[in-house]
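Read in this note's numbering, the sequence shown has 147 at position 147, and its numbers run on one by one without any break.
All residues carry an ideal CB built from backbone N, CA and C; glycine is no exception.
This one's a predicted model, so the numbers in the text were calculated from it and none came from an experiment.
Working notes for the structure below.
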Amino acid sequence: MKNILVTGGAGFLGSHICTLLLQNNYKLTIVDSLINSSLGVIRKIEKLSLPNNINSSNKLKFVQADLRDYKSIKNIFEEAKLKNCPFDGVIHLAGLKSASESVDLPLLYWDTNLIGSINLFKIMDSYNCKTIIFSSSASIYGLSNKLPFKEENIVKPISPYGNTKSVIEKLLNDLYKSSESSWKIVCLRYFNPIGAHPSGEIGEDPNDQPNNIFPLLVKVAQGKISKFKIYGNDWPTKDGTPLRDYIHVMDLAKAHFLAFEYLEKNGNQYLEMNIGTGKGTSVFELIKIFQEVNQVEIPYIYEDRRKGDTAVVYADNLLARKILNWRPERSIEEMCRDGWNWQLKNPNGYGDNL
Ligand SMILES: NC(=O)c1ccc[n+]([C@@H]2O[C@H](COP(=O)([O-])OP(=O)(O)OC[C@H]3O[C@@H](n4cnc5c(N)ncnc54)[C@H](O)[C@@H]3O)[C@@H](O)[C@H]2O)c1
């Protein structure tokens with residue numbers, strides 16, 4: 001049974017990845033500061049993947065700690081070693097993720113994302129745990145890029161958040177190239193993950209005001225925000241609104257499972273891979289589809305374009321298809337249906353499950 005440490009495993013993407021890995025008989029330790037998540041999610045992960053609580057404490061452990069706290073993270077590795085069950089690898093999701101917030105709070109973003117990652121990599125190195133999947137982002141490509149975005153496109157982020165992701169990729173690449181390296185590394189560059197687990201048990205539940213499009217859309221559908229703001233209707237797209245590559249969180253979770261299995265079977269390497277569907281959906285189309293599949297109203301207004309936005313973003317996902325044999329399987333309709341189903345079942349997010 002593979003034993004993995006998942007940093008940020010209580011978050012939106014982490015909870016879906018952990019559920020899938022547990023269902024595939026992995027043993028997990030989740031470390032999360034809960035800065036953008038809550039304990040309720042851990043119970044939901046258990047409920048979904050370890051029914052009847054059979055051996056649950058043996059298969060899933062949760063530690064509340066911040067990656068910047070070196071001692072606490074080291075303790076997690078030490079304990080695993082003492083129990084004769086060292087980690088086979090790490091899935092590293094923990095970090096702050098709002099590009100717009102990072103413009104106002106660059107120090108917080110560099111400190112959390114970079115210092116946390118350096119601590120983690122140092123400790124991994126000292127415990128000879130050298131297999132890692134890192135959550136990178138399409139935001140590292142910046143604005144002036146050829147479409148679709150390929151892994152070899154120029155990396156030129158425009159936000160402090162994107163800068164932190166790009167620098168962590170570089171650091172991982174340096175580790176891979178270091179002498180006698182045995183590091184096995186995959187950086188997954190996510191496009192726009194949305195949706196929720198089809199059971200409606202887990203989904204996206206940010207602690208603060210959401211910045212991402214989908215949680216905002218959901219809040220408008222719930223009536224918690226009166227109107228959805230569309231930033232610009234004069235973009236060079238079919239309906240004038242920006243086009244993005246939305247990917248179902250379940251498809252994204254599967255990419256992590258396949259990436260880990262791939263690294264297990266192969267020697268040392270460093271890979272960067274896009275995780276997107278390769279299809280663009282405009283903001284206006286997303287609203288229309290959400291309304292149709294869920295039979296709800298989304299009132300919207302047009303606002304001026306936002307600084308730093310771009311017209312069209314979608315992935316070239318051939319590398320992940322070829323190397324991991326991964327395929328995005330879920331449609332935009334399923335993303336809208338599953339995301340709304342989670343909200344209907346949990347109008348207050350995990351607040352009801354503490
Ligand atoms: N969701 C997206 O749209 C998206 C897109 C591209 C990349 N990513 C990246 O994927 C990762 C996961 O994203 P998500 O949407 O699940 O975000 P999330 O905020 O839901 O999850 C991140 C988790 O990390 C935890 N965390 C933050 N800082 C920490 C620290 N210093 N120590 C320990 N835990 C910490 C938070 O409490 C949270 O549970 C992030 O690194 C994010 O940058 C997300």
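Of the candidates S33, I213 and N163, S33 places its Cα closest to the Cα of L67. Between the beta-carbon of Q23 and that of S49 there is about 5 Å, and that keeps the pair under the 8 Å contact cut. Ranking L105, N211, N268 and P215 by CA distance to the CA of N173 puts N268 first. Annotation for Y190 indicates a beta carbon within 7 Å of some heavy atom of ligand 1. Around the beta carbon of L143, fewer than 16 other beta carbons sit within 10 angstroms, so the residue counts as exposed.
Shortest Cα-Cα distance from L60 to any of K229, L5 and V90 involves L5. DSSP places E303 inside the beta strand (DSSP E), whose first and last residues are Y300 to E303. Under the three-state reduction of DSSP, G162 is assigned to helix.
A residue is called buried when at least 16 other Cβ atoms come within 10 angstroms of its Cβ; G9 meets this threshold and is buried. Excluding its 5 nearest sequence neighbours in each direction, K44 has C-beta neighbours in its own chain below 6 Å: E201 and I202, listed in chain order. For G89, DSSP records a beta bridge to I4.
For N341, the shortest separation between its Cβ and any heavy atom of ligand 1 does not lie below 7 Å. Among the bridge pairs identified by DSSP, S136 is matched with R189. Annotated three-state conformation of E180 is coil, per DSSP. DSSP places T277 in the coil class of the three-state scheme, outside both helix and strand. With fewer than 16 other Cβ atoms from the protein chains shown falling within 10 Å of its own Cβ, R327 counts as exposed. Scanning the stretch 87–122 from its first residue to its last, the whole beta strand (DSSP E) runs of 3-plus residues come out as 89–92. With respect to A221, I332 sits apart: the two C-beta atoms are not nearer than 8 Å.
One Cα belongs to C336, the other to Q64, and the distance between them is close to 32 Å. Beta-bridge partners assigned by DSSP to A315: F149. Within 7 Å of the C-beta of V31 there is at least one heavy atom belonging to ligand 1. Just so you know, the alpha carbons of P160 and D234 end up roughly 27 Å apart. Taking C-alpha positions only, G339 is separated from G195 by approximately 4 Å. In this structure, the CA atom of P86 is about 13 Å from the CA atom of D125.
Straight-line spacing of the CA atoms in D245 and G308 works out to 17 Å. If you compare the alpha carbons of N163, H197 and R306 with that of Y109, the shortest gap goes to N163.
Setting aside the 5 residues that flank it on each side, K156 is surrounded in the same chain by G142, each with a C-beta closer than 6 Å to its C-beta; the list follows chain order. Following the DSSP letters along the chain, one finds T19 inside the alpha helix (DSSP H) bounded by residues F12 to Q23. Where K288 is concerned, the enclosing alpha helix (DSSP H) starts and stops at V283 to N294.
Segment contact: the stretch 261–281 against the stretch 180–194, three or more CB-CB distances shorter than 8 Å; contact assigned. By the Cβ neighbour-count rule, I30 is buried, with 16 or more other Cβ atoms within 10 Å of its own. Assignment of E272 by DSSP, reduced to helix, strand and coil, places it in the strand class. DSSP places L60 in the uninterrupted beta strand (DSSP E) bounded by L60 to Q64. Per DSSP, the beta bridge partners of V31 are T7 and V63.
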